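Asks: First residue of the sequence shown: 7, per the numbering used here; consecutive thereafter. Dropping a structure here in structure tokens format, bear with me for questions.
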Amino acid sequence: MIKITLPIYWTQHFKTKKDKTVLVGMNWYRNAFYIVQNKMKQKFSGLVEDQLDGTRIQGPYTLHIDLYYKNPTCDGSNIVALMEKVALDALQHNKAVEQDNVLF
């Protein structure tokens, strides 16, 4: 079993104005500019790569997500959907899995 920990908050850094911290969910992702989306995905991909240590997954695998957040009124499925996308994309990008589709 491989355990990967990812944050659900991401801070966007600016040169001339105050940094902005956002809850990373599908609602935010849908409205974010594509360059900002890419910066977030690159950051999370780096976090996954740091935790993999060259691990490779052969054959079928499952992804189990435990979500811990402060606000009980938050919509967890929005967050989990994006965490799943980012984690699977990062696993494929770092060649830990062959594919991230349902056949694998």
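Glycine is no exception: its CB is placed at the ideal position from the N, C-alpha and C atoms. No experiment lies behind these values; they were computed from the predicted model shown.
My parser needs the beta strand (DSSP E) runs of 3 or more residues fully inside the region 52 to 85; what are they?
Replies: none
Asks: Would the region 62 to 81 count as touching the region 40 to 50 if we require 3 or more Cβ pairs under 8 Å?
Replies: With a cut-off of 8 Å, the region 40 to 50 and the region 62 to 81 do not count as touching, because too few Cβ pairs lie within range.
Asks: Can you name the residues that DSSP bridges to residue 29?
Replies: What you label residue 29 is simply residue 23 of the sequence shown in a count that begins at 1. Paired residue(s): 15.
Asks: Which residues in the same chain as residue 106 place their Cβ atom closer than 7 Å to its Cβ, once the five residues preceding and following it in sequence are excluded?
Replies: For this step, residue 106 is matched to residue 100 along the sequence shown. Taking residue 106 as the centre and dropping the five residues before and after it, the same chain places the C-beta of 94, 95, 97 and 98 closer than 7 Å to its C-beta, in chain order.
Asks: Is it right to say residue 7 is buried, meaning 16 or more other beta carbons lie within 10 angstroms of its own, or is it exposed?
Replies: Stepping through the sequence shown from its first residue, residue 7 is reached at position 1. The residue is exposed, with fewer than 16 neighbouring Cβ atoms inside 10 Å.
Asks: Ordered along the chain, which non-local residues of its own chain (more than five positions away) have a Cβ less than 6 Å from that of residue 36?
Replies: In the sequence shown, the residue the question calls residue 36 occupies position 30. So no residue of the chain qualifies.
Asks: On the three-state DSSP scale, how would you describe residue 42?
Replies: As a first step, residue 42 must be located in the sequence shown, where it is residue number 36. Helix at residue 42.
Asks: Is residue 7 helix, strand or coil by DSSP?
Replies: Locating residue 7 in the sequence shown gives position 1, counting from the first residue. In the three-state DSSP reduction, residue 7 falls in the coil class, being neither helix nor strand.
Asks: Would you mind giving the Cβ-Cβ distance between residue 42 and residue 18, rounded to the nearest angstrom? I have them listed as a contact below 8 Å.
Replies: Counted from its first residue, the sequence shown places residue 42 at position 36. Counted from its first residue, the sequence shown places residue 18 at position 12. With 8 Å as the limit, residue 42 and residue 18 qualify as a contact, their Cβ atoms being about 6 Å apart.
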